[in-house]
Amino acid sequence: MDHEQRKRMIALTRYRDDPRQGRPIEELIKTNEMLKAFESQRLRTYFSSICMEPRRDLDDFGQNIASGHLILIQMNFRLRVGDQLKKSGFPESEEANNVAWAAASKELYDLRWGPTKTPIYNLLGLFMQIIPSKRSVYLEIARYLIDTAKVPVDGVDLSGTTALSHCFSTKPGFDLEYAQILYEAGGDVNNRNRLWMHRCPGNMPNLSVQKSRGD
Numbered sequence: 001m002d003h004e005q006r007k008r009m010i011a012l013t014r015y016r017d018d019p020r021q022g023r024p025i026e027e028l029i030k031t032n033e034m035l036k037a038f039e040s041q042r043l044r045t046y047f048s049s050i051c052m053e054p055r056r057d058l059d060d061f062g063q064n065i066a067s068g069h070l071i072l073i074q075m076n077f078r079l080r081v082g083d084q085l086k087k088s089g090f091p092e093s094e095e096a097n098n099v100a101w102a103a104a105s106k107e108l109y110d111l112r113w114g115p116t117k118t119p120i121y122n123l124l125g126l127f128m129q130i131i132p133s134k135r136s137v138y139l140e141i142a143r144y145l146i147d148t149a150k151v152p153v154d155g156v157d158l159s160g161t162t163a164l165s166h167c168f169s170t171k172p173g174f175d176l177e178y179a180q181i182l183y184e185a186g187g188d189v190n191n192r193n194r195l196w197m198h199r200c201p202g203n204m205p206n207l208s209v210q211k212s213r214g215d
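Residue numbers (this note's numbering): 1 to 215.
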């Protein structure tokens, strides 16, 4: 969808902001509640008409993710842990380090990029579609965030959709390998987004079989 098409879609969304048919889009994007009927359709139209522009929407850390710079991501996380330890004012100890680690992990979990408020695992999934040549690196970054940084995988974007739920969508988002990684890290296959979409489709219980075999 080019720039002019997006402008027309946004205009159409605003045109449909009839107060008799729910709240306007400006209010809906400020909430995280479940939506129905006209409000659900309004947010869906807005979400599909807006896309991320990396040069505009990504900070330095987001650019490191896009570029697949795992070493820089690891360094960034260690710096965040060190900063949290300094903020705490506690002498260095195993307990203090654990608290600082958890705080740095939450910082990464809370990060959002662009008008659709894309969280970190959703961002990785998006770049796997855009730059497939770096897919193996993005998967390695995901595993680092899960296994080492301990960043939870249930962050949601503006539509309330997790990275795992995006893996259930139609191509190019459909991705069983990434879904498996997210599921084994605690992703909820029964999650519903704000639009009452993206529950686990019928073929996804295979993930449970794969997980049980690895236990």
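All residues carry an ideal CB built from backbone N, CA and C; glycine is no exception.
Paired residues, beta bridge with residue i - DSSP
i      : result
Thr118 : Trp113
Residue of the options minimising C-alpha distance to residue i
i      : options                       : result
Ala104 : Arg112, Leu79, Thr118         : Leu79
Gly114 : Gly186, Gln63, Tyr183         : Gln63
Val81  : Pro132, Glu53, Ala149, Phe127 : Ala149
Gly68  : Lys86, Asp147, Leu124, Asn97  : Leu124
Met52  : Ser136, Asn190, Ile130        : Ile130
Cys167 : Tyr144, Met128, Ser136        : Met128
Asp83  : Met75, Pro91, Ala100, Glu92   : Ala100
C-alpha gap between residue i and residue j, whole angstroms
i      : j      : result
Ile73  : Arg192 : 30 angstroms
Phe77  : Lys106 : 11 angstroms
Arg199 : Gly187 : Residue confidence for Arg199 is low, a pLDDT of 49 falling below 50, so the modelled location carries little weight; the figure read from the coordinates is stated next. Cα to Cα, Arg199 sits roughly 12 angstroms from Gly187.
Tyr138 : Arg55  : 19 angstroms
Tyr15  : Ser159 : Annotation note: pLDDT 42 at Tyr15 (below 50); position unreliable, no value reported.
Gly89  : Asn98  : 14 angstroms
Glu94  : Asp57  : 37 angstroms
Ser169 : Glu177 : 13 angstroms
Pro132 : Asp59  : 21 angstroms
Asp144 : Val189 : The sequence shown places Tyr at residue 144, rather than the Asp named in the question. Tyr144 and Val189: Cα-Cα distance of roughly 22 angstroms.
Arg135 : Gly173 : 13 angstroms
8 angstroms Cβ cutoff met for residue i and residue j
i      : j      : result
Ala248 : Tyr121 : The question about residue 248 has no answer here: the residues shown for the chain are numbered 1 through 215.
Gly155 : Tyr183 : no
Ala185 : Ile146 : yes
Leu70  : Ile181 : no
Leu85  : Ala102 : no
Asp157 : Lys117 : yes
Leu126 : Pro119 : no
query: What runs of the alpha helix (DSSP H), each 4 residues or longer, lie entirely inside the segment 131 to 197?
result: 135 to 147, 163 to 167, 176 to 184
In chain order, each alpha helix (DSSP H) run of at least 4 residues that lies wholly inside the segment 56 to 92: Segments of the alpha helix (DSSP H) lying fully in the segment 56 to 92: 60 to 67, 70 to 88.
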